[in-house]
Amino acid sequence: MNHNLTGQISALPQPKVLEDIGSQSQCILVADDDPLLRSLLETSLRNEGYLVLSASNGHEVVRLAQQHLPQLVLVDLMMPQMDGYEAIRQMRNDTRISHIPMIVMTARMRPDDVVVGFETGADDYIVKPFAVTEVLARVRSHLRRAARRPLLNPLSGLPGGALIAQELGQRFQSHRPLALLHADLDNFKTFNDTYGFSRGDRAIMLLSSILQAAVARHGRGQAFIGHVGGDDFVVLTTPECVEPICAEALAMFERQVSHFYQSEDWQRGYQTGVDRFGVLRRFRLLSLSIGGVSNRTTAYSDPEEMARAAAEMKHAAKAQGGCTFLVDQRGAARPSHSPFQLERTFPVVVASGDSAFRTLLLNALQRAGYSTRESSAAAQLHDMCRQQQPALIIADAQLGAAAQDACQRHSGGQPMRALVLTYGDADAFAPDEHVRVLCMPLPLADVMALVDQLRIGAQQFG
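What follows is the structure, encoded as structure tokens:
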């Protein structure tokens, strides 16, 4: 069956010189009982820069695959001791090597033989006699596909973190109009804990399919969708496509999300669960939040800054409650009040040992034009207030008493106030001229509305 193999071997080009064969080469395992064919394949593959292992029977190919974990296996179907079918079956049953691309080589032309090979676990087949160039092309194709596979999210099949960063970097460097959307599901952890990971995965796949459908309809063939992980997705598109994509995605989600709930939960409108502090509370049902930014309205220094801004907008959308999308328009339309005036007259300190609490509030305050500082401990807060008196301290329950004490001790010519955000222990704080208490959870918009009221009151009566 091996027509003119000697001639093919003698005609092969000289091997390529590799600077570092250990780090740059990929390992190919060749299994065939024909020594002349093995020699042809070994030489051809080595000339292309691959490391090559060879086996002459099925037992040997399984053993070498388990010992060396090659990147691809070329295996003949008809070998002694153990045929190629059984060798592939055993390799597919070993989780260490089950993912490796496996190409069968066969002189059999019957469709049944090919079908059995695929059902056993083969990824591709090559019919003998073959041209070496065809083998090399198939090897390169499968290695490219295998190299890309870890970069795709295993659940959705969409590009993951590395590919997202690469695509964002390329589009950012092109200096063309670019919008970045960041989407995820609200209250997903409670849903996943209540209904189980299988239904949670179905909810993630719903979001994936909805975004793909919305992009297919409104993305003008140029949008990119990536799956960061969990229930987080990103979309890269042009600024004019943002609103129709978001509106379509939100509408589709609201139509379909009810199918994931038991009727009593859906009719009641909430789930009961335990938050990250171990407190039993009611949680809203799943909703979709999308935050967006565009280089048309804001100049970003690098892709990372743009990605952070999109994440901030997503958090702001989540704080609104329900299915919402918010797009940053700071570069296009400033708030009616002057941010610079706010920075001079109403500085705000955010005090909490919880970095997520501080980040959420600091981002919201800075977007509204407030000058901000942050503190994570009581002593630090007192030092900060003594050195540069803020107009307002926003504190969580853990630092609420320190904030109240700082207001009483360090208020100078201008009154200093504290806003304490508490989850259930409001009685621990006695409201007075210095302290206001808000019982959470509340939408971030409500918190910001009260901050604005305190600022206006201070400007009018301070």
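In our numbering, each residue's number is its place in the sequence shown (first place is 1) plus 30.
All C-beta atoms in this analysis are idealised placements derived from N, C-alpha and C, irrespective of residue type, glycine included.
In terms of Cβ geometry, V103 and V91 form a close pair [threshold 9 Å]. A check of alpha carbon separations from D295 across N123, L392, Y225 identifies Y225 as the nearest.
P377 carries a coil assignment under DSSP once its states are collapsed to helix, strand and coil.
Residue range 191-203 is occupied by the alpha helix (DSSP H) that includes L198.
Fewer than three pairs of CB atoms, one per stretch, sit closer than 8 Å, so the segment 92-102 makes no contact with the segment 183-198. The segment 323-341 and the segment 244-255 do not touch, with fewer than 3 CB-CB distances between them shorter than 8 Å. In the DSSP assignment, M121 falls within the unbroken alpha helix (DSSP H) covering 114-122. In terms of Cα proximity to D223, the closest of S319, L315, L237, V162 is L315. The shortest CA-to-CA distance from L107 to any of R126, M135, I130 is the one to M135.
The closest CA to that of R232, considering only F283, P274, Q196, L198, is found on F283. If you keep only unbroken alpha helix (DSSP H) runs of at least 4 residues inside the segment 272-341, you get 272-286, 293-298.
Going by beta carbons, I133 and A152 fall inside the 9 Å limit.
Counted as a single uninterrupted DSSP element, the stretch harbouring S228 is not any beta strand (DSSP E) but the alpha helix (DSSP H) occupying residues 227-248. Counting along the chain, D143 sits inside no beta strand (DSSP E); it lies in the alpha helix (DSSP H) bounded by residues 141-150. Contact between A339 and L474 is absent: CB atoms are separated by about 17 Å, not below the 8 Å threshold.
Between C437 and I423, the C-beta spacing is below 9 Å. For M414, the enclosing alpha helix (DSSP H) stretches over residues 408-417.
For A425, DSSP records a beta bridge to A381, V450. Within the model, the alpha-carbon separation for M235 versus T73 is close to 46 Å. Using a C-beta cut-off of 8 Å, the segment 265-274 makes contact with the segment 203-220, since at least three inter-stretch Cβ pairs fall below that distance. Under the three-state reduction of DSSP, C57 is assigned to strand. Burial is judged here by how many other beta carbons sit within 10 angstroms of a residue's own beta carbon; S128 has fewer than 16 and is exposed. For I255, the pairing in a beta bridge is given by DSSP as V265. Distance check between V378 and each of R170, C57, Y400 places Y400 closest, using alpha-carbon atoms only. Looking at the DSSP output, M135 bridges to D106, I156.
Within its own chain, the residues whose Cβ lies closer than 7 Å to the Cβ of L193, once the five positions on either side in sequence are excluded, are L181, G256, listed in chain order. Nearest in C-alpha terms to E463, of all of V477, T452, P445, E197, is P445. Remark: C-beta atoms of D214 and D154 do not approach each other more closely than 9 Å. If you compare the alpha carbons of A421, R416, P420, T452 with that of A431, the shortest gap goes to T452.
Inter-residue distance for L71 and G88 is about 17 Å (C-alpha atoms, whole angstroms).
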